[in-house]
Each structure stands twice: as structure tokens, then as C-alpha cells.
Amino acid sequence: MKALSALIAAAALFGGIQLFHGGSVESVANEAALSNSYRPVANGDEAVCAVSRGAEISDGLSLLTVAPKCRRLLPGIEQAKFWREQNDGTVAFSANGVDPIVTFAAADGDGYESYAPALPLLSLAAIGDKKSGD
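Heads up: the sequence shown at position 14 corresponds to 14 in this note's numbering, and the numbers run straight through without jumps.
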């Protein structure tokens with residue numbers, strides 16, 4: 001029941017953002033929400049690793065699987081076990097569910113861009129799309 005409440009709250013938040021911003025931010029957030037699998041990229045260089053958002057375990061906190069190869073992008077990111085989505089749409093990866101290793105904001109497209117730490121700049125591009133089933 002908590003998950004349903006969280007989903008309704010998230011939908012209301014993104015709907016409000018759409019009204020406030022003329023639809024552009026809401027579209028970005030919905031595209032990112034369509035996928036639970038992402039390919040991290042550091043400073044524009046393609047990486048051969050993936051991260052997957054798993055089951056929600058509490059309001060805004062979900063399990064996270066990070067491929068060990070992702071360490072090449074940001075040392076320590078492979079230790080992340082949790083995906084925390086805040087009410088403002090930001091997402092943080094952490095090992096303990098609280099202290100962020102990396103924090104992302106919704107990007108112009110179907111993913112996220114990091115802003116902390118400042119370097120390296122990471123982006124998370126959604127893998128596959130709903131239509132093709134990838």
C-alpha cells in the first residue's frame with residue numbers, strides 16, 4: 001500500500017511540474033521512469049557496464065545493482081546498493097541508503113546527469129525502450 005501511495009505522490013509531483021514548466025520537465029522525468037536499466041557514461045566516453053533499479057523497499061528507496069565494471073567510471077560506485085529518489089526528482093546512489101556516492105538530476109532526454117561529485121560527469125541513459133522490449 002505504501003508503494004501505491006508513493007507512486008500516486010510521484011505522479012502528482014510530475015504532473016504539477018508539467019503544468020508549471022509547460023510539459024518539458026515532465027516528459028524528461030517520464031522517459032527516465034520507463035526504464036529500470038541504465039548505461040552509465042563518464043565524460044562522454046561509452047562504458048561497458050550497467051546499473052539496474054530493483055524493487056522499492058521504502059518510500060523513494062529502491063534496491064540497486066551496479067556492475068563491477070562501473071568502477072572504471074567512478075571508483076566506489078560499484079559499492080552502491082540503493083537508489084534513492086527525492087521529491088525534487090534527484091536520484092542518489094548509496095551503499096547504506098543514506099550517504100550518496102553520486103547524485104543525479106533528470107537530464108534533457110531519457111536519463112540523468114550527475115552533479116555530485118563534480119567530476120567525473122556521469123550520465124545515465126535508459127537501456128532499451130518500452131516499444132521494442134529491449
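Glycine included, each C-beta is placed from N, C-alpha and C at the ideal position.
Just tell me which of the options has its CA closest to the CA of residue i.
| i | options | result |
| --- | --- | --- |
| LEU64 | ARG72, LEU73, LEU74 and ARG53 | ARG53 |
| ASP100 | LEU124, ALA106, GLN79 and GLY111 | Residue identity check: residue 100 is Pro in the sequence provided, not Asp. Checked all of LEU124, ALA106, GLN79 and GLY111; the closest Cα to PRO100 is GLN79. |
| VAL66 | ASP88, SER58 and ASN36 | ASN36 |
| ASP88 | ALA125, SER58 and THR103 | THR103 |
So what does DSSP say about residue i, is it helix, strand or coil?
| i | result |
| --- | --- |
| ILE77 | helix |
| PRO40 | strand |
| LEU124 | strand |
Can you find the residues in the same chain that come closer than 8 Å, C-beta to C-beta, to residue i, ignoring five residues on each side of it along the sequence?
| i | result |
| --- | --- |
| SER94 | ALA80, LYS81, PHE82, ARG84, PRO100 and ILE101 |
| GLN86 | GLY60 and ALA92 |
| VAL48 | LYS69 |
| ILE127 | SER35, SER37, TYR38, ARG39, ALA50 and ASP134 |
| GLY76 | ILE101 |
| ALA116 | PRO100, VAL102 and THR103 |
Taking residue i and residue j to be in contact with their CB atoms under 8 Å, please state how far apart those CB atoms are, rounded to whole angstroms.
| i | j | result |
| --- | --- | --- |
| TYR112 | ALA118 | Not confirmed; about 15 Å, so no contact. |
Might you give, ordered along the chain, the residues of its own chain that have their beta carbon closer than 6 Å to the beta carbon of residue i, omitting 5 neighbours on each side?
| i | result |
| --- | --- |
| LEU122 | PRO40, ALA42 and SER114 |
| ARG71 | GLU78 |
| ALA125 | ARG39 and GLY111 |
Keeping to the same chain, check which residues put their C-beta closer than 7 Å to that of residue i; ignore five residues upstream and five downstream.
| i | result |
| --- | --- |
| GLY97 | LEU61, PHE82 and ARG84 |
| THR90 | THR103, PHE104 and ALA105 |
Note down, one range per segment and in chain order, each beta strand (DSSP E) of at least 3 residues found wholly within the stretch 46–116. Fully enclosed beta strand (DSSP E) runs of 3 or longer: 51–58, 61–66, 82–85, 91–94, 100–106 and 111–116.
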